[in-house]
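Undergrad: Please find one structure pasted underneath; my questions will follow.
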Amino acid sequence: SPTQSYIAHGCVYPFLHSFSDFVEFPPRGYNKADAAALLAQYEDADIPSDKKVNVIAIMREAYVDFSQYNIAGLDDSCYDPYHALEAESLSGDLLTNIFAGGTIDTERGFLTGNYLLHNFRSNTNSYVWYLRNQGYTVEGSHPYYQWFYNRQNVNAYMGFERYRYLEWDYEYFTERYMPEDAILYPEVYKDFIKNKETGKPYFSFVVNVESHGPYDTRSNWAGIEYLTGSQYSNACKNAMNNYMAAIMRGDRDLLAMVDKLREDPEPVVMVLFSDHLPWMGDGNIFYEEMGIPIEPEGEQGFRLHYTTRYLLWANDAAKAVLGSDFTGEGPTISPCYLMNLLFEQCGWEGPAFMQAMEDYRAVFPVVTTNDAYVVDGVFTDKIPQERKELFSDFLILQHYWRNEFIS
């Protein structure tokens, strides 16, 4: 943890290696007053009281649908239950900034609307604060150490009233230091049920940990062979079989909760997505063995390297309240726009910043920190001249939102 690093190295080493986290230089042409004026073109909108449905958002660690790659020797029928859930949801591609690590980039992009993050050290604008101010209970769970990515502080800065971690909570349910989804999801459901006593609508953001890598390459401890074939090394097969076993257990446990939400009389919308593709051997060697061109070269390689999936699912009660069926293929977007998509499906206008980002999303639905964009429907490594002024406004407003707490 950063605290342990400080103790081990003293103050100079951590300071030199974290200076860039404390200081974010503004984009070219930035002026605070002009940025405020950009935001002032929009006005916060309340969520109509009769449309305040419950929302459970779950980011699944390193979850990827390997069936889409047509891997020889892979029994991908295990994905059938997940595909059935996709079929009754609005689902699409999420083009992230990260690969095989850096979980919080996708996580906090979703919660704050930022496409670029820095190390938050005080209250920061987020959609969590907006929902809290709209009368929602805002809480969540991540059954891992609270110091990891400094979540115990940053989650509070983003507006969460309560967040559950491994320490003094999930550690009492299991001896595993990465608690199972079979423990996590029943607790998430219990929290949802308990909130009904408050009479308040509910927002929960959950990050699982059971499927976190690395995945054992020495043995197939799961005892199930999903990947077979003499063309693969034992290390590759072991890693894949252990990974697949973890996410299939997660599917089972998640779908058990979905079945309960399906029958609940309260309207519930679920947002499900993954932070990044899983680690598969040093240097991505197992991807190479399985014939997946994972290096981010060209549009196809970049998309393979950084794309995960999302889905938005609603129970019948939510569909009736919102007048939306939550089905079909959704747009390819960056994580900073995923909350926009949720609000769009719910028929909510949202805060002023989200409304501004919605206008930018129409032109720049994919904005990454890796010099890759989708502009007016075209994948590109640079912003075209005719869109540079608009993109400059996007960067200015994003910087203002990250650095001037206004909620």
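Its first residue numbered 28, the sequence shown is counted upward by one per residue in the working numbering.
Even for Gly, the Cβ is constructed at its ideal location relative to N, Cα and C.
1) Going by other Cβ atoms of all chains shown within 10 Å of its Cβ, with 16 needed for buried, is Val82 buried or exposed?
2) Sorted by chain position, which residues of the same chain lie with C-beta nearer than 6 Å to Ser94's C-beta, five sequence neighbours on each side aside?
3) Within 10 Å of its beta-carbon, does Arg135 have 16 or more other beta-carbons around it, so buried, or fewer, so exposed?
4) Is the beta carbon of His303 closer than 9 Å to that of Ala89?
5) In the DSSP assignment, find the beta strand (DSSP E) that holds Glu166 and state where it starts and stops.
6) What three-state label does DSSP hand Ser419 in the structure shown?
7) Under 9 Å, do Ile312 and Leu331 count as touching if we go by C-beta distance?
8) Would you report the Cα separation of Ser116 and Ser351, rounded to the nearest angstrom?
9) Where does Phe52 sit, in a helix, a strand or coil, going by DSSP?
10) For the stretch 416-424 against the stretch 375-390, do three or more pairs of beta-carbon atoms, one drawn from each stretch, fall closer than 8 Å, so that the two count as touching?
11) Output the boundary residues of the beta strand (DSSP E) element that contains Leu117.
12) Count the CB pairs spanning the stretch 220-230 and the stretch 162-174 that are closer than 8 Å, and state whether there are at least three.
13) Measure how close the beta-carbons of Asp291 and Asn342 come, nearest whole angstrom, since I'm counting them as under 8 Å.
14) Quick check: the Cα distance between Asp73 and Gln179, rounded to an integer number of angstroms?
15) Rounded to a whole number of angstroms, what is the C-alpha to C-alpha distance between Phe200 and Cys373?
16) From the DSSP secondary-structure annotation, give me the bridge partner or partners of Glu356.
17) Report buried or exposed for Ala35, applying the criterion of at least 16 other Cβ atoms within 10 angstroms of its Cβ.
18) How would you write the range of the beta strand (DSSP E) that Leu144 sits in, first residue to last?
19) Can you check DSSP and say which residues form a bridge with Ser301?
20) Using the three-state DSSP reduction, which class does Val402 fall into: helix, strand or coil?
21) What residues in its chain sit with their C-beta under 8 Å from that of Glu207, if we drop five residues either side in the sequence?
22) Where does Arg55 land, buried or exposed, given buried means 16+ other C-beta within 10 angstroms?
23) Nearest-angstrom Cα distance between Ala266 and Tyr216?
24) At which residues does the alpha helix (DSSP H) containing Phe175 begin and terminate?
25) Can you name, in chain order, every residue of its own chain whose Cβ lies under 6 Å from the Cβ of Thr334, other than the five neighbours on each side?
26) On the CB-based measure, 16 or more other CB atoms within 10 Å of its CB, does Val405 come out buried or exposed?
27) Could you give the DSSP three-state label for Asn81: helix, strand or coil?
28) Considering only C-alpha positions, which residue in the set Phe329, Met366, Asn152, Tyr96 is nearest to Ala399?
29) Would Tyr172 and Tyr192 be called neighbours here (beta carbons separated by less than 9 Å)?
30) If I measure Cβ to Cβ from Phe46 and keep anything under 6 Å in the same chain, skipping five residues before and after, which residues do I get?
31) Assign Ala379 to one of three DSSP states: helix, strand, or coil.
32) Just grab the DSSP bridge partners of Ser231 for me.
33) Tell me Tyr197's beta-bridge partners as DSSP assigns them.
34) Starting from Trp156 and walking both ways along the alpha helix (DSSP H), at which residues does that stretch end?
35) Please classify Asp61: is it buried, with 16 or more other beta-carbons within 10 angstroms of its beta-carbon, or exposed?
36) Which residues does DSSP list as the beta-bridge partners of Tyr337?
TA: Once the coordinates are examined:
1) The residue in question, Val82, is buried, as its Cβ has 16 or more Cβ neighbours within 10 Å.
2) So the list reads Asp103, Tyr106, once near-sequence residues are dropped.
3) buried
4) Yes.
5) 164-168
6) helix
7) No, the pair does not count as a contact, with Cβ atoms beyond the cut-off.
8) 11 Å
9) coil
10) yes
11) 117-122
12) Here the stretch 220-230 lies against the stretch 162-174, with 3 or more beta-carbon pairs under 8 Å apart.
13) 6 Å
14) Distance from the CA of Asp73 to the CA of Gln179, rounded to the nearest whole angstrom, comes to 29 Å.
15) Annotation: Phe200 to Cys373 spans about 35 Å, alpha carbon to alpha carbon.
16) Ser118
17) With a pLDDT of 48 at Ala35, under the threshold of 50, the predicted position of this residue should be treated as unreliable, though the coordinate-derived value follows. By the neighbour-count rule (16 or more Cβ atoms within 10 Å), Ala35 is not buried but exposed.
18) Neither: Leu144 is in no beta strand (DSSP E) and is coded neither H nor E.
19) Arg87
20) strand
21) Thr201, Glu237, Arg276, Asp280
22) The residue is exposed, with fewer than 16 neighbouring Cβ atoms inside 10 Å.
23) 31 Å
24) Neither: Phe175 is in no alpha helix (DSSP H) and is coded neither H nor E.
25) Hits under 6 Å: Asp120, Leu122.
26) exposed
27) strand
28) Phe329
29) A contact, by the Cβ cut-off of 9 Å.
30) Its pLDDT being 43, under 50, Phe46 is placed unreliably by the model, and nothing is read from it.
31) Ala379: helix per DSSP, three-state reduction.
32) Ile83, Glu166
33) In the DSSP output, where bridge partners are listed per residue, Tyr197 has none listed.
34) Unbroken alpha helix (DSSP H) run through Trp156: 154-160.
35) exposed
36) Gly119, Phe300
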